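K.L.:
Before I ask anything, here is the structure I am working with.
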Amino acid sequence: MSLRLASTLFSLALSATIAAREPWTTSRIQGSPEPPRPYITEQVFTSLPMQNVLEIIALPGQTRLLMVEDKGPVWSVSDQPDAREKHLVIDLSKAHKDLTHVYGIACHPNYQENKQIFLTYTLASGLDDGTKLSRFKLSSIDPLTIDPASEEILLTWRSGGHNGANLRFGPDGMLYISTGDSEVPAPPDPLNTGQDNSDLLSNILRIDVDHPSAGLLYSVPQDNPFVGKENVRGEIWAFGLRNPWKMAFAPDGRLWCGDVGWELWEMIH
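So, in structure tokens, the structure goes:
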């Protein structure tokens, strides 16, 4: 028997075996891996109908949460897992007809006095100013309401698939903003912006929202790492990221960032 004929027969036999296999439609795994998982998941707010909640933050000085839905609504909810009522704070899709996503929310460190809330959202994809960071003010405390007319746009950057747009105030009182490479996942970084510090993309930005500067509603902190560098945006605090999706400050003051990876892996910085 020739080698080619033997190879052909083996391939046919293998194909027949695979075709005859029964589909595996149920799990055959029992138990849990060792060591056991350090955390378990638990559903909360099961009585609240919500759609694609992307952010949840605590409202300073109150036992309420603010929840951001992807397509525009921001809700106020009692900080109780069995809460049954939600109250609309603002719906950005009503204020911006071409809105596509709402990504980030943060309360000013002095929120209890100035009632300032910051939001990030995107309009149509591919616009040079399609991702926006805006400051809003509450028009009412009871019920909690944000006046859309109070919007002040502080920063804009290109809108695309990777927008970043997460917000966190640091223990230093500065506002940290994540930005992505502003493109679809494949191919990676088609704009070659990850190492280009002349724009705001693929970075974590750090700005001072309490002290406007010439022509801006914010200022660049003088201790930012690239202040005074030629052809570099002074707002940049960290660069070379793909799509820093979520951020959080640890009790020790360090900023943790979850960055969207490629194919199999995500990254935490």
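Per the numbering used here, the sequence shown starts with residue 167, numbered consecutively. Ideal Cβ placement from N, Cα and C applies to all residues, glycine included. No experiment lies behind these values; they were computed from the predicted model shown.
(1) Going by C-alpha distance, which of Arg324, Ala315 and Ala416 is nearest Ala290?
(2) What's the gap between the Cα of Gly346 and the Cα of Ser305?
(3) From this set, Pro239, Asn280, Tyr277 and Ala249, which residue's C-alpha is nearest His262's C-alpha?
(4) Leaving out five residues before and five after Glu317 in sequence, what residues of the same chain have Cβ atoms less than 8 Å from its Cβ?
(5) Determine the direct distance from the alpha carbon of Gly296 to that of Glu251, and round the result to whole angstroms.
(6) Excluding five sequence neighbours on each side, which residues of the same chain lie with their C-beta closer than 8 Å to the C-beta of Ile312?
(7) Mind checking Ser344: buried by the 16 CB within 10 Å criterion, or exposed?
(8) If you follow the alpha helix (DSSP H) that Ala261 is part of, which residue opens it and which one closes it?
(9) Say whether the stretch 389-404 touches the stretch 425-433, bearing in mind that this needs 3 or more beta-carbon pairs closer than 8 Å, one atom from each stretch.
(10) Helix, strand or coil for Ser162 per DSSP?
(11) Between the beta-carbon of Ala224 and the beta-carbon of Asp245, is there less than 8 Å?
(12) Considering just the uninterrupted stretch of the alpha helix (DSSP H) at Tyr205, what are its terminal residues?
(13) When the Cα atoms are used, what is the spatial distance from Met216 to Leu258?
(14) Given a cut-off of 8 Å on the beta-carbon distance, is the pair Arg372 and Met340 in contact?
(15) Decide if Ile206 is buried, meaning its Cβ has at least 16 other Cβ atoms within 10 Å, or exposed.
(16) Pull up the distance between the alpha-carbon of Ala416 and that of Trp422, whole angstroms please.
(17) Mind checking whether Ile271 and Val210 have CB atoms under 8 Å apart?
(18) Figure out for me which residue from Pro204, Val268 and Gly227 has the closest Cα to the Cα of Asn280.
(19) How is the alpha helix (DSSP H) around Tyr277 delimited, first residue to last?
(20) By DSSP's criteria, Trp241 is part of a beta bridge. Which residues make up the other side?
(21) Do Asp294 and His267 have their C-beta atoms closer together than 8 Å?
(22) With a CB to CB cut of under 6 Å and the five nearest residues on each side skipped, what residues in its chain are close to Asn332?
(23) Consult DSSP for Leu289 and reduce its assignment to one of helix, strand or coil.
(24) Quick check on Gly336: does DSSP put it in helix, strand or coil?
(25) Excluding the 5 residues preceding and the 5 following Asn397 in the sequence, name in chain order all residues of the same chain whose CB lies nearer than 7 Å to its CB.
(26) Does the separation of the CB atoms of Asn409 and Gly330 fall below 8 Å?
(27) With distance defined between alpha-carbon atoms, name the residue in Pro204, Asp376, Val386 and Asn369 nearest to Asn276.
(28) Under the three-state reduction of DSSP, which class applies to Leu220: helix, strand or coil?
P.N.:
In terms of the structure at hand:
(1) The residue from Arg324, Ala315 and Ala416 with its alpha-carbon nearest to that of Ala290 is Arg324.
(2) C-alpha separation (whole angstroms): 32 Å.
(3) Nearest of Pro239, Asn280, Tyr277 and Ala249 to His262, Cα basis: Pro239.
(4) Sequence-distant partners of Glu317 (beyond 5 residues in either direction) whose C-beta falls short of 8 Å from its own C-beta, in its chain, are Ala261, Ser300, Arg301 and Phe302.
(5) Between Glu251 and Gly296, the C-alpha separation is close to 33 Å.
(6) The answer, listed in chain order, is Val240, Val255, Ile256, Ile283, Phe302, Lys303, Leu304 and Ser305.
(7) Ser344 comes out buried.
(8) Note, Ala261: alpha helix (DSSP H), Leu258 to Ala261.
(9) No contact exists between the stretch 389-404 and the stretch 425-433.
(10) Only positions 167 to 435 of the chain appear in the structure, and residue 162 is not among them; the question remains open.
(11) In contact: Ala224 and Asp245 (Cβ atoms closer than 8 Å).
(12) That residue, Tyr205, is in no alpha helix (DSSP H); it is neither H nor E in DSSP.
(13) C-alpha separation (whole angstroms): 16 Å.
(14) The Cβ atoms of Arg372 and Met340 sit closer than 8 Å to each other.
(15) Ile206 should be labelled exposed.
(16) Spanning the alpha carbons of Ala416 and Trp422 requires a straight line of approximately 7 Å.
(17) No, the Cβ-Cβ distance between Ile271 and Val210 is not below 8 Å.
(18) For the residues Pro204, Val268 and Gly227, the minimum Cα distance to Asn280 belongs to Gly227.
(19) It spans Tyr277 to Asn280 - the alpha helix (DSSP H) in which Tyr277 sits, taken as one unbroken run.
(20) Met233 and Leu254, per the DSSP bridge assignment.
(21) No.
(22) Excluding sequence neighbours, Asn332 sits near Gly270, Ser344, Lys412 and Met413.
(23) In this structure, Leu289 counts as coil in the three-state DSSP scheme.
(24) Assigned with DSSP and collapsed to three states, Gly336 falls in coil, not helix or strand.
(25) Same-chain partners within the cutoff: Ser364.
(26) Contact flag set, yes.
(27) With distances taken between Cα atoms, Asn276 lies closest to Asp376.
(28) Here Leu220 sits in strand by DSSP.
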